[in-house]
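The numbering used here numbers the first residue of the sequence shown as 2 and each following residue consecutively.
Every residue gets a Cβ at the ideal spot worked out from N, C-alpha and C, and that includes glycine.
Read through the structure below, which is laid out as structure tokens, and then see the notes.
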Amino acid sequence: MTQHSSGALSERQPRIIDQVDAAIDRGEVLRYLGYPIGVSPNAQLQSILDRWIEEAYRLATPRAIYVVLPVVEKDRRRLWLQTSGGVVEFHGAIGEFLGASRSVAAFIATAGPGVVRLAGELTSLRDDLAAMVVNAVGAERAEAAEAAVIDQLREQAEPVGFAPTLPYSPGYCGMELTEQTKLFSLFDRENIGVTLTPECLMRPLKSVSGLIGLGPAEEIEEFGSPCDRCELRNCAMRR
Ligand code: SF4
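Structure below.
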């Protein structure tokens, strides 16, 4: 990765993460299934969960792709990134999420097609509970692939005194879902098998995408989480 005189980190080519080493986080799977922290399923349910968590984990093929681009300009609502094909403009609560960024990493992460396929088969067999567990594992694996991107960014940013922000995804917290088309346009030449429907939904379904800012560590820390300033008190996504 290159650091420019402006302080921005950037890299011309996207990087692919083909292997995610993190073991499954069962607590996170239970959270996706709606269990509050510290509450466990009863013994009867536990054996069903164990079986389908194991099966879905075996089928999951988490992967991710990301590219780090310098910020040309930004204000409260807009962000301009320099790409090899020109400048791309994103809209959203940029000031809140990416305000301290000098560079921004765009990423796509996925659990792969296997878990989604299995969940679909289970749904057609009317085994809704098993399908829910498999879908929860899919969400956890996509999140693990996203975490692998953040880990790599942190490793690359630390030597120059930078740190990553929280991820900011199209469809959340004031960024329109249609911003996905701009994000996906950054991976026109190379992707990891994730596509967008005309409604801007990702396929495989258990995929996440977004922007992660990179800026001076002390500024990122001082900036804190946008959730601390958000008025949506009951938001389940609060971080
Ligand atoms: S509290 Fe919820 S809506 Fe508000 S910034 Fe955080 S995640 Fe977004």
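Straight-line gap, residue i to residue j (C-alpha atoms, nearest Å)
i, j, result
"glycine 96", "serine 208", "25 Å"
"phenylalanine 108", "glycine 121", "26 Å"
"lysine 75", "leucine 215", "13 Å"
"phenylalanine 91", "threonine 124", "37 Å"
"leucine 206", "asparagine 136", "9 Å"
"glutamate 180", "serine 186", "10 Å"
"glutamine 157", "methionine 2", "7 Å"
"glycine 212", "proline 160", "The question names glycine, yet the displayed sequence has leucine at residue 212. Cα to Cα, the separation comes out at about 21 Å."
"serine 41", "serine 48", "12 Å"
"glycine 86", "threonine 196", "20 Å"
"aspartate 22", "arginine 78", "36 Å"
"arginine 127", "alanine 237", "28 Å"
"glutamate 191", "asparagine 43", "45 Å"
"threonine 198", "methionine 176", "18 Å"
"methionine 133", "alanine 140", "11 Å"
"leucine 233", "proline 227", "11 Å"
"leucine 31", "histidine 5", "44 Å"
"leucine 119", "glutamine 45", "22 Å"
"glutamate 219", "lysine 183", "30 Å"
"aspartate 51", "tyrosine 58", "10 Å"
"isoleucine 25", "leucine 60", "12 Å"
"isoleucine 193", "alanine 145", "15 Å"
"alanine 283", "phenylalanine 224", "Lying outside 2 to 240, the shown extent of the chain, residue 283 is not represented and no answer is given."
"leucine 80", "valine 73", "8 Å"
Residue span of the beta strand (DSSP E) that contains residue i, given as start and end
i, result
"isoleucine 25", "Careful: isoleucine 25 lies outside any beta strand (DSSP E) and carries neither H nor E."
"glycine 87", "87-92"
"alanine 164", "163-165"
"alanine 107", "104-111"
Endpoints, alpha helix (DSSP H) assigned at residue i
i, result
"alanine 120", "114-125"
"alanine 200", "Before going further, note that residue 200 is glutamate rather than alanine in the sequence given. Unbroken run through glutamate 200: none, as it is neither H nor E."
"glutamate 97", "95-99"
"valine 134", "129-158"
"threonine 182", "181-186"
"isoleucine 193", "It is not in any alpha helix (DSSP H) - isoleucine 193 carries neither H nor E in the DSSP assignment."
"glutamate 220", "218-224"
Integer-rounded CB distance, given that residue j should sit under 8 Å from residue i
i, j, result
"tyrosine 36", "phenylalanine 98", "No, tyrosine 36 and phenylalanine 98 are not in contact; Cβ-Cβ is about 29 Å, not under 8 Å."
"isoleucine 54", "valine 138", "6 Å"
"alanine 131", "proline 63", "The Cβ separation is near 20 Å, so there is no contact."
"phenylalanine 188", "proline 15", "6 Å"
"glutamate 12", "valine 89", "About 16 Å separates the two Cβ atoms, so there is no contact after all."
"alanine 164", "serine 104", "Not confirmed; about 12 Å, so no contact."
"threonine 166", "serine 102", "6 Å"
Give the list of continuous alpha helix (DSSP H) stretches no shorter than 4 residues that lie fully inside the region 13-83. 27-33, 44-60
What does the shell around the ligand SF4 hold, if a residue joins when its beta-carbon is under 5 Å from any heavy atom? Cys174, Pro227, Cys228, Cys231, Leu233, Cys236, Met238, Arg239
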